[in-house]
Structure formats: C-alpha cells, structure tokens
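Residue numbers (my numbering): 102 to 292. Note that the Cβ used here is the ideal one computed from N, Cα and C, for glycine as well. A quick note: this is a predicted structure, and the numbers were derived from the prediction, not measured. First the structure, in the form of structure tokens, and then the observations on it.
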C-alpha cells in the first residue's frame, strides 16, 4: 500500500491540507498529517487548529514514503521553506525519484531548494516570480513534470488531489472515488 505524508506548518491553507487527506483516506491510501511545529495541533491560515497525526521528530525515516505533500497558504509555505529538516527530506525524496506535491503558494518551497529547476510548475496566480531557480511557470490548474506535481490554488485542490492519487492507484480506482464524490457532475456541468 502507498504511504503518503503531508507536512503542516503554521499558516497552512485549510482546504488544501484537508481535501487530499479526505480523498486519499476514502481511497484506502495511507496518509498522515505531519506537524513540523513541535506541537500536534497546528494553526491554519484562518486560525483553525488541526490535530496532526504525528510530529516530524517522531518519524524515524522517510525512506519508504511514496509521496510527500505540501499544502499552500503563504505563511505556511514560508514556514515550510524555512524549516531545514523539511528541506532536506524534500530534496532526498526528489533525488530518489519518489513523488512530491505542492499546491497554491507551496511550490515556492520546491523552487527554493532547486527541485523545480528546468521543470514546468504552477503556483497561485501572481506568485510566479517565486518559482525561482529556473522553473517554467505554466498557469495551469495542475502541472505534472516527472515526479513533481503542482496545483494552482484552492479551486485546483480536487483535480490536483485526483492527479496525485493517479500516481498511486490504478486509473479505475481513482475513477471510482471521483464518481462516489460526484466529481463527474462537476466536469459535466450538471446538477
């Protein structure tokens, strides 16, 4: 079974953190929210306290992780960017060829450590200058380039999450989850 961790830092965007956890758990994919703050309860961008599953320092190794995720929120993304251990873990994940995902402002974390050099990536509109170190901004809702998957912001959270999931499960399993969540109706524009 796939194993996924999502890092939470103070100031994360609520729906960009919770939607992937919800969808992955509905799909049977093991995902854990990891607090990088030293406290299990992490405050979101709007002051909502969310209890993480585990503290970063409680995880012995990230060597068996299939995917690491970063929710957006400018404050949360900047807090992740400044966290030295998170930076090391992300770089090792990237260099091993395993999957990384970031949405909204969080692709700036990848850019800051060189993960996006020569890659296409999307980020919240107006933040394209944050994609330093040679990234090519695309302005799409979701962008995949190799083992890096990025999403543009809150409206992209469902398509971004389903794209992430498609790299862990067979297509038919992802389609079942989409159908159960009525996503096919959104795409068709029906009620």
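For the pair residue 153 and residue 135, the Cα-to-Cα distance works out to about 6 Å. Residue 178 is positioned such that its CB atom lies closer than 7 Å to that of residue 207. At the C-beta level, residue 184 and residue 120 stay beyond 7 Å of one another. As for any beta strand (DSSP E) of minimum length 3 sitting wholly inside the stretch 128 to 210, the runs are 131 to 136, 142 to 144, 150 to 152, 168 to 171, 200 to 204, ordered along the chain.
Taking all protein chains in view, the Cβ of residue 273 is surrounded by fewer than 16 other Cβ atoms within 10 Å, so the residue is classified as exposed. Taking C-beta atoms as the reference points, residue 217 and residue 225 fail to come closer than 7 Å.
Taking residue 241 as the centre and dropping the five residues before and after it, the same chain places the C-beta of 223 closer than 6 Å to its C-beta, in chain order. Per DSSP, residue 111 is not a residue of any beta strand (DSSP E), being assigned neither H nor E.
Contact between the stretch 255 to 269 and the stretch 167 to 178 is present, with at least three C-beta pairs closer than 8 Å. No residue range can be given for residue 223, since it is assigned to no beta strand (DSSP E) and is classified by DSSP as neither H nor E.
Distance between residue 244 and residue 140, taken at the CA atoms: about 32 Å. Per the coordinates, the alpha-carbon of residue 124 lies some 12 Å from the alpha-carbon of residue 283. Residue 277 carries a helical assignment under DSSP once its states are collapsed to helix, strand and coil. Distance from the Cα of residue 215 is smallest, within the candidate group 199, 189, 227, for 189.
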